[in-house]
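A quick write-up on the structure given underneath.
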Amino acid sequence: MSTPTPVSNPSPASSNTREEASTPSERPYAWQIAHNLGASFRYAGQGIYYGLRTQRNFRIHMVATLTVTTVGFALQLPSIHIAVIGLTCGFVMALELINTALEAVVDLTVQQ
Numbered sequence: 013m014s015t016p017t018p019v020s021n022p023s024p025a026s027s028n029t030r031e032e033a034s035t036p037s038e039r040p041y042a043w044q045i046a047h048n049l050g051a052s053f054r055y056a057g058q059g060i061y062y063g064l065r066t067q068r069n070f071r072i073h074m075v076a077t078l079t080v081t082t083v084g085f086a087l088q089l090p091s092i093h094i095a096v097i098g099l100t101c102g103f104v105m106a107l108e109l110i111n112t113a114l115e116a117v118v119d120l121t122v123q124q
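Residue numbers (my numbering): 13 to 124.
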């Protein structure tokens, strides 16, 4: 059994031309794509917009979040309760977007 060659140091005889042909400037890592804070927020906004546009469950969660938060303010719940509700709803929506990203990766992998 042969020892695998590390990805960061491919051998010249490697058949993986994709990694050999690219340099860091040609294929930047994800954290190097957004060069400033404004671009980062723009990408985040695009992701949320994509979720709202394409994911029914994300839209349902968004409406539920707005409804529950509005009712919480109308009932004059303590601020800590509203904060916990908001954080919980935000966590659920973040998980929904992670699920959407994973589904997209799987779809790319199986070429659907």
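Glycine is no exception: its CB is placed at the ideal position from the N, C-alpha and C atoms.
Fair warning: this is a prediction, and the values are worked out from it, not measured in the lab.
With contact counted as at least three CB pairs below 8 Å, one residue from each stretch, are the segment 67–75 and the segment 103–118 in contact? Inter-segment contact for the segment 67–75 and the segment 103–118 is present: three or more beta-carbon pairs are separated by less than 8 Å.
Find out if the Cβ-Cβ distance for the pair threonine 82, isoleucine 97 is shorter than 8 Å. What you label residue 82 is simply residue 70 of the sequence shown in a count that begins at 1. What you label residue 97 is simply residue 85 of the sequence shown in a count that begins at 1. In this structure, isoleucine 97 does not lie closer than 8 Å to threonine 82 by Cβ.
Sorted by chain position, which residues of the same chain lie with C-beta nearer than 6 Å to alanine 76's C-beta, five sequence neighbours on each side aside? Counting from one through the sequence shown, the residue named residue 76 turns up at place 64. Nothing meets the Cβ criterion.
Which residue from Ala116, Leu120 and His47 puts its Cα closest to that of glycine 59? Within the sequence shown, numbered from 1, the residue matching residue 59 stands at position 47. Of Ala116, Leu120 and His47, the residue nearest in Cα terms is Ala116.
Nearest-angstrom Cα distance between valine 122 and leucine 49? The sequence position of residue 122 within the sequence shown is 110, counting from 1. The sequence position of residue 49 within the sequence shown is 37, counting from 1. The C-alpha of valine 122 lies about 34 Å from the C-alpha of leucine 49.
Evaluate glycine 63 with the Cβ neighbour count: other Cβ atoms within 10 Å of its Cβ, from every protein chain shown; 16 or more gives buried, anything less gives exposed. On the sequence shown, position 51 is the one that residue 63 refers to. By the C-beta density criterion, glycine 63 is buried, having at least 16 other C-beta atoms within 10 angstroms.
Going by C-alpha to C-alpha distance, which of Ile94, Pro90 and Tyr61 sits closest to threonine 79? Your numbering for residue 79 matches position 67 in the sequence shown. Of the listed residues, the one whose Cα sits closest to threonine 79 is Ile94.
Taking 7 Å as the limit between beta carbons, can you name the residues of its chain near alanine 33, skipping five residues before and five after? Stepping through the sequence shown from its first residue, residue 33 is reached at position 21. Note that alanine 33 has pLDDT 44, beneath the 50 cutoff, so the model's placement of it is unreliable and no number is given.
Mapping DSSP to helix, strand and coil, what is asparagine 69? Here residue 69 refers to the residue found at position 57 when the sequence shown is read from its first residue. The DSSP-derived three-state label of asparagine 69 is helix.
Limits of the alpha helix (DSSP H) - the one that alanine 113 falls within: Here residue 113 refers to the residue found at position 101 of the sequence shown. Going by DSSP, alanine 113 is part of the alpha helix (DSSP H) stretching over 91–121.
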